[in-house]
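Colleague: Start counting the sequence shown at 0; every next residue gets the next number (numbering that gives the first Met the number 0). We put the CB at the ideal spot given by N, CA and C, even for glycine.
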Amino acid sequence: MPKPVKPPGQRLVKRMSTRTKGLIVAPLGLLLLSVGLCVLSEAAESKHGGAPFRQWFLWGSYSLILINGGLLLFGQAVRYRAQLDYRRFVRRELKKRDREWARLRPKRKASPSKGEAK
0 MPKPVKPPGQ RLVKRMSTRT KGLIVAPLGL LLLSVGLCVL SEAAESKHGG
50 APFRQWFLWG SYSLILINGG LLLFGQAVRY RAQLDYRRFV RRELKKRDRE
100 WARLRPKRKA SPSKGEAK
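(1) Indicate the three-state DSSP secondary structure (helix, strand or coil) for Val34 in the structure shown.
(2) Where does Arg104 fall in DSSP's three states?
(3) If I follow the unbroken alpha helix (DSSP H) through Lys8, where does it start and stop?
(4) Using the Cα positions of Phe88 and Val34, report the straight-line distance between them to the nearest angstrom.
(5) With DSSP collapsed to three states, give me the class of Ala50.
(6) Taking the alpha carbon of Trp118 as the point to measure from, which residue in Arg102, Ala25, Cys37 and Arg18 has its own alpha carbon closest?
(7) To the nearest angstrom, report how far apart Pro7 and Met15 are at their CA atoms.
(8) I want to know whether the region 21-32 touches the region 57-74 - three or more CB-CB distances under 8 Å.
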């Protein structure tokens, strides 16, 4: 049985760096959140304007989907940013530790060759 082929977009996202993913997802999340809030205000306005229940209920449900999707994407962007900061912190700490070990480690003296006397 042949192995199913992944869609090209999935491979593209997998190859992206964490920084790139965060830079793409954060604005999309904020945009989706703001659109959801606009739709929510429209739903509230139609409710108070005397529109039928079905209309404002569907608008309100749609707005909640958009708001939750925006929050989800923005939360994912925050997660990517935390990963970047943690990796940067770990790299810096490891470099510091290597410098300290190199400074504290005694340097080896060259061993005398066979022809030289001690």
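Modeller: Taking the definition as stated:
(1) Looking at Val34 - three-state DSSP - the assignment turns out to be helix.
(2) Collapsing the DSSP output to three states places Arg104 in coil.
(3) Per the sequence presented here, residue 8 reads as Gly, with Lys not at that position. Per DSSP, the unbroken alpha helix (DSSP H) holding Gly8 starts and ends at Pro7 to Arg14.
(4) As the crow flies, the alpha-carbon of Phe88 is around 36 Å from that of Val34.
(5) coil
(6) Since the first residue of the chain shown is 0 and the last is 117, residue 118 is not available in this structure.
(7) 13 Å
(8) yes
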